[in-house]
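Below you'll find the structure, written out as structure tokens, and then a few comments.
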Amino acid sequence: MIILYVHALAATGVVRNVRILAAELAARGLDVELVTALPGGEGVTGVPHHALLAGPNPSRPREKVQAIAALRRHLRSRGQATLISAGNHGHGTAWAASQGLRDVRRIYRISNDIMRNAAGAPSGGLGRIGRTAMARLLARDADHLVLVSPTLADTPAFAGAARAGKVAVIPNGIDADAARFLADGPVPHRWMGRTPPVILAIGRLAPQKNFVTLLAAFAILRRERPARLIILGESRDRACDSLRAQAKALGIADDLDLPGTVDNVFPWLAHADAFILPSWWEGSPNVLLEAMAVDVPIVASRSAGNAVDLLDDGRCGLLVDPADATALADALERQLDLATAIRPGDRIDHFGLDALSDAWGRLLR
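Position in the sequence shown (from 1) plus 1122 gives the number in our numbering.
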């Protein structure tokens, strides 16, 4: 029995990857179930979904304690099993629930830089100490650590696990044919399919995604040529208001749109003139795979997880320093010019689901 655990089936990159992994493992004939603390969300056809709790608790710490106890009971009921904690937010629960259960094999999938905090900057003080302690705890406890990017192997706390042969790097993958099918739809925004060209960015409106520098870069670009910028992504009102205020101060407010989240990003990517991923850091960014699948010209931060590998060190898209607004603007200018634009081409074929499935299959033998 393989148990894939996440806290909830929310609309996140981790959950999208969990669904893909569950479907691929089930297709191999393995006995798989999705287990979450909270009910709801979109599951996977043919894969059982077991919610541990009836609903959220107003007290988040109490909800976590309840989830630990419920997951422990569930693991005991399953007997011999492999527990895959699929995203960083669930590792504490998975670790606590599985202690002392000798029949449970534990795999922690490190989905992002564990030494960074949720606010979007390197952790300092007690926050950093706590994250270092958690990383060491997971490394000692794990039967395997699965890293979604080779850049995550630089985490010092994982060095011992790597020497012990407990670390595997398995990047995210994508069904490129399905992506192209989903991209075949009407133009999703009034700005697209006409001049001036449209630049698209996708991600939570959080500091990690570095949209503040992107707006500064876009303002530089706008001095040289007309263009428009659309940022898709979930946000709180405060984050949205802050970006709008910055855009107004830079004189680009009329050329910026923040439509929020959408169910299907592929028509947006297919009709964009360029895509940009300016993040300070990532794990293995799904959105970059999605952009590659529809062959849109790409600009990406060098520090965005495994972007350097995905884009073949700049041969399939431009890589830039995320702190350099001028470099971002120059790269966007080049990618908007048909004569100089670099497209991903067939690079996406290296990151299909067969490779993902084979790597996990070898690990789970």
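All C-beta atoms, glycine included, are put in the ideal place defined by N, C-alpha and C.
All figures in this text were calculated on a predicted structure; none of them were measured in a lab.
Burial state of residue i, where buried means 16 or more other Cβ atoms lie within 10 Å
i: Thr1383; result: exposed
i: Gly1307; result: exposed
i: His1129; result: buried
i: Ser1357; result: buried
i: Ile1398; result: buried
i: Gly1467; result: exposed
i: Ile1251; result: exposed
i: Arg1150; result: exposed
i: Arg1253; result: buried
Rounded straight-line distance, which links the Cα of residue j to that of residue i
i: Gly1246; j: Phe1303; result: Note on Gly1246: pLDDT 48, under 50, position unreliable in the model; the coordinate value appears next. One C-alpha to the other measures close to 44 angstroms.
i: Ala1492; j: Arg1228; result: Nothing can be reported for residue 1492, as the shown portion of the chain is limited to 1123 through 1487.
i: Leu1460; j: Leu1454; result: 12 angstroms
i: Ile1142; j: Ala1191; result: 27 angstroms
i: Ser1207; j: Ala1216; result: 6 angstroms
i: Val1309; j: Asn1386; result: 12 angstroms
i: Leu1458; j: Glu1155; result: 45 angstroms
i: Ala1264; j: Arg1194; result: 17 angstroms
i: Gly1439; j: Ala1426; result: 13 angstroms
i: Ser1272; j: Val1409; result: Checking the sequence shown, residue 1272 turns out to be Pro, not Ser. Approximately 18 angstroms between the Cα atoms of the pair.
i: Gly1201; j: Thr1277; result: 33 angstroms
Beta-ladder partner(s) of residue i, from DSSP
i: Ile1420; result: Phe1397
i: His1172; result: Val1157
i: Asp1379; result: Ile1352
i: Ala1392; result: For Ala1392, which the question treats as bridged, DSSP gives no partner whatsoever.
i: His1266; result: Ile1229
i: Ser1207; result: Tyr1127 and Tyr1230
Spatially closest choice to residue i from the options, by CA coordinates
i: Ala1447; options: Gly1467, Leu1337, Asp1376 and Phe1397; result: Leu1337
i: Val1270; options: Gly1373, Gly1405, Glu1412 and Asp1476; result: Gly1405
i: Asp1225; options: Arg1238, Ala1219, Ala1203 and Val1387; result: Ala1203
i: Arg1316; options: Arg1258, Ala1477 and Asp1395; result: Asp1395
i: Asp1480; options: Leu1152, Glu1346, Gly1135 and Leu1131; result: Leu1152
i: Ala1422; options: Gly1252, Pro1400, Leu1365 and Val1136; result: Pro1400
i: Pro1374; options: Arg1345, Met1314, Asp1297 and Leu1193; result: Just to set this straight, residue 1374 is Ile in the shown sequence, not Pro. Of the listed residues, the one whose Cα sits closest to Ile1374 is Arg1345.
i: Lys1331; options: Gly1209, His1472 and Trp1402; result: Trp1402
i: Ala1361; options: Asp1376, Ala1257, Phe1340 and Leu1327; result: Leu1327
Cβ pair residue i, residue j closer than 8 angstroms
i: Leu1351; j: Glu1146; result: no
i: Leu1354; j: Ile1321; result: no
i: Ala1441; j: Thr1335; result: Strictly speaking, residue 1441 in this sequence is Leu, with Ala absent from that position. No, the pair does not count as a contact, with Cβ atoms beyond the cut-off.
i: Phe1462; j: Arg1469; result: What sits at residue 1462 in the sequence shown is Thr, not Phe. Not closer than 8 angstroms, so no.
i: Ser1233; j: Asn1210; result: yes
i: Ile1125; j: Val1157; result: yes
i: Gly1289; j: Ala1275; result: The sequence as given places Val at residue 1289; Gly does not occur at that position. Yes, Cβ-Cβ distance for Val1289 and Ala1275 is below 8 angstroms.
Chain D contact for residue i (CB, 8 angstroms cutoff)
i: Gly1439; result: Absent from the structure: chain D. Only one protein chain is present.
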